[in-house]
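Asker:
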Amino acid sequence: MILQKPLTSNGYTLSSAANRLGWLEPSDPAEPINVLRERYQQQGYLWLKGLLSQDTVLEFRRRYFEAIRDTSILAPGTDAVDGIYSAETERKGKTSIYEIVRWAAYEAFCLSEPIWRFYEAFLGGPVYLHKRKIIRLGKPGQERCTGAHYDLTYLRGGTDNLCTSWIPIGDCTVEMGGLIYLEGSDAFGRIKEAEFSRANANLPPEKRISAYNENMTRSGWLTEDLPSLADKLDTRWLMANYEAGDMMVHSPYMIHASTENFSPDNRMRLSTDIRYQLVSDQIDQRWAKDWSPDDGL
Ligand SMILES: O=C(O)CCC(=O)C(=O)O
């Protein structure tokens, strides 16, 4: 695939050299669960193609954009499901994102049967969905992107036997700034976490599990400089053209980030990221409340 523009993230440009940029490998959710488990162990992720019904995903996309149409974010006269950005100055609307993450319709979406059934089989028992669930909107031209990090940084108060589902709510091409993964980085995430655990060992309990204590960066991210990290680890950033219905599963040690949206038709990237674990494992209680701007995570 030839990109119209090189991928950028927080002001850094990702080299298009083949040794620094590659593609995620897709998986079929119908494959035997032990095959999927083995692939997840090797890769640190699974890109489950078409796990969810496209209609369910698109219905939620439409509902989301209809709810925020009064902010003038949508180009006039366009269908909400397309999520076409108006680039106009936005007004404060009736419905905030923090209200949307409390919708029963959103919770039902995150608890879609194909998702929890997948995790029961994958993790081998009854599963728990963390209450703190995040929705992210990526507007074309928005320079701020997600920096390189692994999720356990923010989830140190419970088990590490947990998985993140990153779900594109609508198609999300590479140009729209979907999630990218640092190939083979689960191992590096484990090394970093062991280093942080040693450095944090003498801190009081609350600080020890914090993503923002004196041993961490201000955001908890490893870096915003994605190209240098790939150079340092001599690896590649893996990207994908996600489709509505796909679900990513990634390990809490797998390093990921996002890139700028430069959709040629001004389509907004909408996604959610949610976490599942076995209900019998220790649950990080900081994640047992709905996502809010002041939750300190
Ligand atoms: O969607 C993003 O930009 C970040 C998502 C993320 O960090 C995650 O899924 O863990």
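So the number in my numbering is just where the residue sits in the sequence shown, counting from 1, plus 8.
Just so you know, even glycine gets a beta-carbon here, dropped at the ideal spot from N, CA and C.
I need the straight-line Cα distance from ASP303 to ALA156, nearest angstrom please.
Answerer: As a first step, residue 303 must be located in the sequence shown, where it is residue number 295. As a first step, residue 156 must be located in the sequence shown, where it is residue number 148. For ASP303 and ALA156, the distance between alpha carbons rounds to 21 Å.
Asker: For PRO235, which residues in the same chain have their Cβ closer than 8 Å to its Cβ, ignoring the five residues on either side in sequence?
Answerer: The count along the sequence shown starts at 1 and reaches residue 235 at position 227. These residues qualify, in order along the chain: TYR20, THR21, LEU22, SER23 and ARG28.
Asker: If you draw a straight line from the alpha carbon of TRP245 to that of ASP254, how long is it in whole angstroms?
Answerer: For the purposes of this step, residue 245 is taken as the residue at position 237 of the sequence shown. For the purposes of this step, residue 254 is taken as the residue at position 246 of the sequence shown. So the alpha carbons of these two residues sit roughly 19 Å apart.
Asker: Check whether the stretch 257-266 touches the stretch 186-199, taking contact to mean three or more Cβ pairs, one atom from each stretch, closer than 8 Å.
Answerer: Yes, they touch.
Asker: Between the beta-carbon of TYR6 and the beta-carbon of CYS171, is there less than 8 Å?
Answerer: Coverage of the chain is limited to positions 9 through 305, which leaves residue 6 absent and any answer about it impossible.
Asker: What residues in its chain sit with their C-beta under 8 Å from that of VAL287, if we drop five residues either side in the sequence?
Answerer: Position 279 of the sequence shown, counted from the start, is the residue given in the question as residue 287. So the qualifying residues of the chain are GLY133, PRO134, VAL135 and TYR136.
Asker: Assuming ALA83 contacts ASN274 (C-beta within less than 8 Å), just tell me the rounded distance between them.
Answerer: Locating residue 83 in the sequence shown gives position 75, where the first residue counts as 1. Locating residue 274 in the sequence shown gives position 266, where the first residue counts as 1. That belief holds up - the Cβ atoms of ALA83 and ASN274 are roughly 7 Å apart, short of 8 Å.
Asker: So which of LEU59, TRP229, SER17 and GLN12 has the shortest CA-CA distance to SER312?
Answerer: In the structure as shown, the chain begins at 9 and stops at 305. Residue 312 is therefore absent and cannot be evaluated.
Asker: Just checking my contact of LEU54 with LEU44 at CB under 8 Å: how many whole Å lie between their CB atoms?
Answerer: The residue labelled residue 54 in the question sits at position 46 within the sequence shown. The residue labelled residue 44 in the question sits at position 36 within the sequence shown. Right, the Cβ-Cβ distance comes to about 6 Å (below 8 Å), so this counts as a contact.
Asker: Helix or strand or just coil, what does DSSP make of GLN49?
Answerer: Walking along the sequence shown from the start, residue 49 turns up at place 41. Looking at GLN49 - three-state DSSP - the assignment turns out to be helix.
Asker: Does the Cβ of SER193 lie closer than 7 Å to at least one heavy atom of ligand 3?
Answerer: As far as ligands go, the structure on display features ligand 1 and does not contain ligand 3.
Asker: Please indicate yes or no: does the CB of HIS138 lie closer than 7 Å to some heavy atom of ligand 1?
Answerer: As a first step, residue 138 is located in the sequence shown; it is residue number 130 there, counting from the start. No, the Cβ of HIS138 stays beyond 7 Å of every heavy atom of ligand 1.
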